[in-house]
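Visitor: For the sequence shown, this note's numbering assigns the number 54 to the initial residue and increments by one for each residue that follows.
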Amino acid sequence: MSCTFQLTKAPEHLLQALHEVIPHCELMAQQLPETPISLWLIPPVFPTDRLDDEVIRRIWNDTPYWIFCWASGLAMAQWILAEPHHVKDKVVLDFGAGSGVVAIAAKMAGAKRVICCYIDKVSLDACRENALLNGVELEYLDDLYKAEQVDVLLAADVLYDQCNRFFLDEFLKFAPEVWVADSRVKNFSHPKYEKIEERSATTWPDLDEAREFRNVSFYKTL
């Protein structure tokens, strides 16, 4: 997998938010592998050996998830672009949007409307900037429980914590069709979902994750 770079100045407010956690780190507009999508992400070569203990603590406690395109999000974006009929002409909600990669893919694939849903304000700002970078129009929401009924709900890499599993039931209240992509949970058991397939993807920039986390499982409501 490879990624191309764009010589574009990073948004100042995103840089400021990043520097509060990781000083002196940059953001680069990077086109993701096997997609036309570009995102503001940290550089592929990141000198982790230069991080002191305080910075590492901040990264663990306040991880700015939007500075990466996580494997499940990339896999779901690639899948949507390859099979646009799943979202075309539909109202779509991307839950736990992070960088907005899934939402951007859905809009590129012809979705009627796409809503990015994320509790973190900075992440929603990143979604806005990434939408602008890709020339698509999205909507933004900071609370799932403020959402209207939609046609399709998409969720990538949101089950990393066991306490998040309750969302599998909550999603059903907002959409008749739910797709979940996850690299951490290989086969959860839920009466309303079935495992459809597995796809291979890598978090970008590459975190050198274990091979098991490069296989993304896709689940769909029955």
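Ideal placement from N, C-alpha and C gives every residue a C-beta, glycine not left out.
Does DSSP put K248 in a helix, a strand or coil?
Guide: Reduced to three states, the DSSP call for K248 is strand.
Visitor: Tell me W119's beta-bridge partners as DSSP assigns them.
Guide: In the DSSP output, where bridge partners are listed per residue, W119 has none listed.
Visitor: Check whether the Cβ atoms of V269 and S236 sit closer than 8 Å, and answer yes or no.
Guide: Yes, they are a contact pair.
Visitor: Does L275 come out as helix, strand or coil in the three-state DSSP assignment?
Guide: Coil, per DSSP.
Visitor: From A150 to C78, what does the alpha carbon distance come to, in whole angstroms?
Guide: Taking the straight line joining both Cα atoms gives about 22 Å.
Visitor: Quick check on the DSSP output: the beta strand (DSSP E) that includes A209 runs from which residue to which?
Guide: Segment 205-209, the beta strand (DSSP E) holding A209.
Visitor: To which residues of the same chain is R166 closer than 6 Å at the C-beta, ignoring the five residues directly before and after it?
Guide: Once the five neighbours on either side are set aside, the close Cβ partners of R166 are V144.
Visitor: Which parts of the segment 140-220 are runs of the alpha helix (DSSP H), unbroken and 4 residues or longer, counting only runs that do not cross its ends?
Guide: As far as the segment 140-220 is concerned, its whole alpha helix (DSSP H) runs of at least 4 residues are 154-161, 174-187.
Visitor: With a threshold of 7 Å on Cβ separation, who are the neighbours of L206 within its own chain once the five nearest residues in sequence on each side are excluded?
Guide: Excluding residues within five positions, the ones whose Cβ falls inside 7 Å are L146, F148, F224, F227, A228, V231.
Visitor: Which word fits N217, buried or exposed, when buried means at least 16 other C-beta atoms lie within 10 angstroms of its C-beta?
Guide: Classification for N217: exposed.
Visitor: Hey, is the segment 168-186 in contact with the segment 121-141, meaning 3+ C-beta pairs nearer than 8 Å?
Guide: Cβ pair count under 8 Å is below three, so no.
Visitor: Below 8 Å on the Cβ atoms is my guess for A200 versus G126; work out the distance and round it to an integer in Å.
Guide: In fact, because the Cβ distance is near 19 Å, the residues do not count as touching under 8 Å.
Visitor: Go to A124, then tell me how far its alpha helix (DSSP H) extends in each direction, as first and last residue.
Guide: From DSSP, the alpha helix (DSSP H) with A124 extends over 124-135.
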